[in-house]
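In the order they appear, the protein sequences are chains A and B.
Under the numbering used here, the residue at position 89 of the first sequence is numbered 100, and the numbers go up by one with no gaps.
Under the numbering used here, the residue at position 197 of the second sequence is numbered 1559, and the numbers go up by one with no gaps.
Virtual Cβ for every residue (Gly too), placed ideally from N, Cα, C.
Here's the structure we're looking at; comments come further down.
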Amino acid sequence: MVENRPFLSFLTHLVLIIGVVLVAFPVYLAFVASTHGEGDFLSGLVPLWPGPHLIENYRLMLTEGISTAGAPPLWIMLSNSLIIAIIIAVGKIAISLLSAYAIVFFKFRFRLIAFWIIFITLMLPVEVRIIPTFKVVADLGLLNSYVGLTLPLIASATATFLFRQFFLTIPDELMEAARVDGAGPMKFFRDILLPLSRTNIAALFVILFIYGWVQYLWPMLVTTDSRYYTVVMGIKRLAATADAEPRWHLVMAAVTLAMLPPVLVVIFMQRLFIKGLVETEK
Amino acid sequence: MATINLVDLKKNYGSVPAVKGINLSVKDGELIVLVGPSGCGKSTLLRMVAGLESVTSGRIEIAGRDVVKAEPAERDIAMVFQNYALYPHMTVRGNLEYGLKNRGTPREEIDRRVKEAADILEIGPMLDRKPRQLSGGQRQRVAMGRAIVREPAAFLFDEPLSNLDAKLRVQMRVEIRKLQRRLKTTSLYVTHDQLEAMTLADRLVVMNNGLVEQLGTPTEVYDRPATLFVAGFIGSPPMNLLPVSALDAASGFDILGLPPGTDVVGIRPDHLTLESSDEPSLALPATVELLEPIGGESHLHARLKNGDHAVILSVPGRPEIEEGATITIHVKPADLHPFNRESGRRTDTAVANP
Chain A
12 MVENRPFLSF LTHLVLIIGV VLVAFPVYLA FVASTHGEGD FLSGLVPLWP GPHLIENYRL
72 MLTEGISTAG APPLWIMLSN SLIIAIIIAV GKIAISLLSA YAIVFFKFRF RLIAFWIIFI
132 TLMLPVEVRI IPTFKVVADL GLLNSYVGLT LPLIASATAT FLFRQFFLTI PDELMEAARV
192 DGAGPMKFFR DILLPLSRTN IAALFVILFI YGWVQYLWPM LVTTDSRYYT VVMGIKRLAA
252 TADAEPRWHL VMAAVTLAML PPVLVVIFMQ RLFIKGLVET EK
Chain B
1363 MATINLVDLK KNYGSVPAVK GINLSVKDGE LIVLVGPSGC GKSTLLRMVA GLESVTSGRI
1423 EIAGRDVVKA EPAERDIAMV FQNYALYPHM TVRGNLEYGL KNRGTPREEI DRRVKEAADI
1483 LEIGPMLDRK PRQLSGGQRQ RVAMGRAIVR EPAAFLFDEP LSNLDAKLRV QMRVEIRKLQ
1543 RRLKTTSLYV THDQLEAMTL ADRLVVMNNG LVEQLGTPTE VYDRPATLFV AGFIGSPPMN
1603 LLPVSALDAA SGFDILGLPP GTDVVGIRPD HLTLESSDEP SLALPATVEL LEPIGGESHL
1663 HARLKNGDHA VILSVPGRPE IEEGATITIH VKPADLHPFN RESGRRTDTA VANP
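Printed below as a string of structure tokens:
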């Protein structure tokens, strides 16, 4: 809708600005808090401008952590989160690409049933199946390991479903042309389907990376060894100190650092993301 | 260079027969056009030859080799698709090379063939572009190029021109014909456009309901349609098909001597004239309903007085005739095509028909 009414555009901008402020203010507050010293936040007056302790706070968190809260240095948790998010995103994309390829391009018995079984798992998110999944993972001896942290989260239908929808838009003739050109199933997949799905893969990677990064419940359950803590669950530990006021300035430094990687992924992958939406290669 | 032989080829989709037993032998270097209305099985037939569709029964021989169980790539054929089916993420060069690379063709050979095809099709300057940067006609050329570089035993064309606009279609039609003459590659060409079929074909296969209605050169098919279906399908405007009762009152009917069993008579619109000639002819009184001038000639829609049958005449120029006027239509006895409605076939001679 393109309308030239000054009042209307003022109003729409106002609504947008209010929205941005609502979203951004807590983030800003977290950042401000992470730059102040011990006790500044317990005085009752919340400072609104950055303080002088920025480098000091961040260095402390990255290298030492708060041992009294049972949290390891932040860099361990950050790299754990990074590894887990990447394994989950890559694993999910790989598995769903292959299963969508099978479902769309091959005609085998029970194809439809296979599709529906995968589709039905959409109704069973991690939280619903968490007890049996935990039991299985525990019995396999995968507690406190990257495999145990990622494997149950990799199996999912969402990405399979998205790739299926994309593959359905690829004309049959393309596959037939490839067959006439002497490309077998895997060659067709590698030479034609994968390059065509590039932008979809990038878009999904962004979504799945963030999905993996913000996992809270599952890492909490399967890790008891602080070497495998992820940053999102670590924050909870930092804040929940017994018999003492939480050291907010340090907690907020951790929060700011935890927010950073997803933001970076969005910013840098966004170009691919938009390219995927604008340039339809068909 | 090869022949294609189809022997009693059948295809069923479940219990529905799509192709009901086709026998056809394509000579070396010949261009055969399969033409017919949609759903007549012509595309299915072509896809069976290509190996993209399984065969229910029968044999397909390409260059003397039975290929029914062979993969498309092993059949030594190249196919041009209706929607071009170019690989969108590859450059034109990549598209041309892909099939050759998959076969392990040496690099120098690939380069030679790509250059040759690019020269023939005049797509040299576009080799490094992506398909989406090309126009419809250019994409069509690239699709043809992809077929040429393979240097296959046979080309298979699946309605390659139907996505182009009318002008380009005529142009590409001529080019395909020239190209095929030059390369002398055995070709099967599927189309629903009868003009394309008439102009391209060495021989024409008219198909209907999964069966061959008639096989012959375009002139044979036009001049002596073997069945009522072919008579109605080939030719534009279509042949007038009139029951004999519409003619029997006309003067000159007794001299016709129609073969026994004739109950339908076909007359091409351009064989109906307004002027009587010296030769004995049949005279049919009619009323003009509509005159359509289409440039060099005009289509005259008239209704016969006897039996109320609509006929179309194709007359040269723009005759000065009012709509509603009464005219007399003349037709020479030799221009009548006698048919039997029951069998759907010609009654004057037995036409050899598979």
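Residue i: contacting residues in chain A (beta-carbon distance under 8 angstroms)
i: residue 1375 (chain B); result: Under the 8 angstroms cutoff, chain A gives no residues; its nearest Cβ is about 13 angstroms from residue 1375 (chain B).
i: residue 1554 (chain B); result: Residues of chain A passing the Cβ test: none, with the nearest at roughly 17 angstroms.
i: residue 1525 (chain B); result: Within 8 angstroms Cβ-Cβ: nothing; residue 1525 (chain B) doesn't reach chain A, min ~11 angstroms.
i: residue 1443 (chain B); result: 184, 187 and 188
i: residue 1717 (chain B); result: Residue 1717 (chain B) lies beyond the stretch modelled for chain B, which goes from 1363 to 1716, so this question has no answer here.
i: residue 1464 (chain B); result: 192, 193, 194 and 198
Reduced DSSP category for residue i - H, G, I as helix; E, B as strand; rest coil
i: residue 1559 (chain B); result: helix
i: residue 1592 (chain B); result: helix
i: residue 1690 (chain B); result: strand
i: residue 92 (chain A); result: helix
i: residue 1676 (chain B); result: strand
i: residue 1425 (chain B); result: coil
i: residue 176 (chain A); result: helix
i: residue 1439 (chain B); result: strand
i: residue 1619 (chain B); result: coil
i: residue 1633 (chain B); result: helix
i: residue 47 (chain A); result: coil
i: residue 68 (chain A); result: helix
i: residue 39 (chain A); result: helix
i: residue 61 (chain A); result: coil
i: residue 1531 (chain B); result: helix
i: residue 1502 (chain B); result: helix
Under 8 angstroms between C-beta atoms of residue i and residue j
i: residue 1569 (chain B); j: residue 1402 (chain B); result: yes
i: residue 241 (chain A); j: residue 88 (chain A); result: yes
i: residue 208 (chain A); j: residue 177 (chain A); result: yes
i: residue 1676 (chain B); j: residue 1632 (chain B); result: yes
i: residue 1441 (chain B); j: residue 1479 (chain B); result: no
i: residue 1608 (chain B); j: residue 1699 (chain B); result: no
i: residue 1564 (chain B); j: residue 1393 (chain B); result: yes
i: residue 1548 (chain B); j: residue 1492 (chain B); result: no
i: residue 1372 (chain B); j: residue 1381 (chain B); result: yes
i: residue 1396 (chain B); j: residue 1552 (chain B); result: yes
i: residue 76 (chain A); j: residue 85 (chain A); result: yes
i: residue 1687 (chain B); j: residue 1627 (chain B); result: no
i: residue 163 (chain A); j: residue 60 (chain A); result: no
i: residue 1466 (chain B); j: residue 1485 (chain B); result: no
i: residue 1709 (chain B); j: residue 1623 (chain B); result: yes
i: residue 1364 (chain B); j: residue 1425 (chain B); result: yes
Whole-angstrom distance between residue j and residue i, CA atom to CA atom
i: residue 1653 (chain B); j: residue 1625 (chain B); result: 29 angstroms
i: residue 1567 (chain B); j: residue 1400 (chain B); result: 14 angstroms
i: residue 199 (chain A); j: residue 1482 (chain B); result: 29 angstroms
i: residue 1383 (chain B); j: residue 1636 (chain B); result: 45 angstroms
i: residue 282 (chain A); j: residue 275 (chain A); result: 12 angstroms
i: residue 38 (chain A); j: residue 30 (chain A); result: 13 angstroms
i: residue 1502 (chain B); j: residue 1538 (chain B); result: 11 angstroms
i: residue 82 (chain A); j: residue 70 (chain A); result: 15 angstroms
i: residue 259 (chain A); j: residue 58 (chain A); result: 13 angstroms
i: residue 1596 (chain B); j: residue 1541 (chain B); result: 25 angstroms
i: residue 1669 (chain B); j: residue 1605 (chain B); result: 9 angstroms
i: residue 1634 (chain B); j: residue 1694 (chain B); result: 8 angstroms
i: residue 165 (chain A); j: residue 247 (chain A); result: 24 angstroms
i: residue 1714 (chain B); j: residue 1419 (chain B); result: Only weak support is given to the placement of residue 1714 (chain B): the predicted model assigns it a pLDDT of 45, under 50, and the question is left unresolved by the model.
i: residue 264 (chain A); j: residue 231 (chain A); result: 21 angstroms
i: residue 1697 (chain B); j: residue 1602 (chain B); result: 12 angstroms
i: residue 293 (chain A); j: residue 191 (chain A); result: The predicted model places residue 293 (chain A) with a pLDDT of 42, which falls under 50 and marks its position as unreliable, so this point remains unresolved.
i: residue 1716 (chain B); j: residue 1562 (chain B); result: Summary for residue 1716 (chain B): the model assigns pLDDT 41, below 50, so the residue's position carries little reliability; its value from the coordinates is reported in the next sentence. Looking at the two C-alpha atoms, the distance is approximately 22 angstroms.
i: residue 1522 (chain B); j: residue 136 (chain A); result: 48 angstroms
Presumed contact (8 angstroms Cβ cut-off) between residue i and residue j, rounded CB distance
i: residue 1516 (chain B); j: residue 1439 (chain B); result: 5 angstroms
i: residue 170 (chain A); j: residue 133 (chain A); result: Not quite, the Cβ-Cβ distance comes to about 11 angstroms (not below 8 angstroms), so this is no contact.
i: residue 1530 (chain B); j: residue 1498 (chain B); result: 7 angstroms
i: residue 99 (chain A); j: residue 219 (chain A); result: 6 angstroms
i: residue 203 (chain A); j: residue 185 (chain A); result: 7 angstroms
i: residue 1525 (chain B); j: residue 1444 (chain B); result: 6 angstroms
i: residue 1422 (chain B); j: residue 1388 (chain B); result: Between residue 1388 (chain B) and residue 1422 (chain B) the Cβ distance is about 11 angstroms, and since that is not below 8 angstroms, they are no contact.
i: residue 1496 (chain B); j: residue 1455 (chain B); result: In fact, because the Cβ distance is near 13 angstroms, the residues do not count as touching under 8 angstroms.
Residues that residue i contacts on chain B, provided the C-beta gap is smaller than 7 angstroms
i: residue 285 (chain A); result: Ordered by position in chain B, no residue passes the 7 angstroms Cβ test against residue 285 (chain A), which lies about 18 angstroms from the chain.
i: residue 203 (chain A); result: 1449
Proximal chain A residues relative to residue i, where beta-carbon distance stays under 7 angstroms
i: residue 1460 (chain B); result: 192
i: residue 1434 (chain B); result: 190 and 191
Amino acids of chain B, ordered along the chain, whose beta-carbon sits closer than 8 angstroms to that of residue i
i: residue 103 (chain A); result: Per Cβ cutoff of 8 angstroms: no residues; residue 103 (chain A) is ~23 angstroms from chain B at best.
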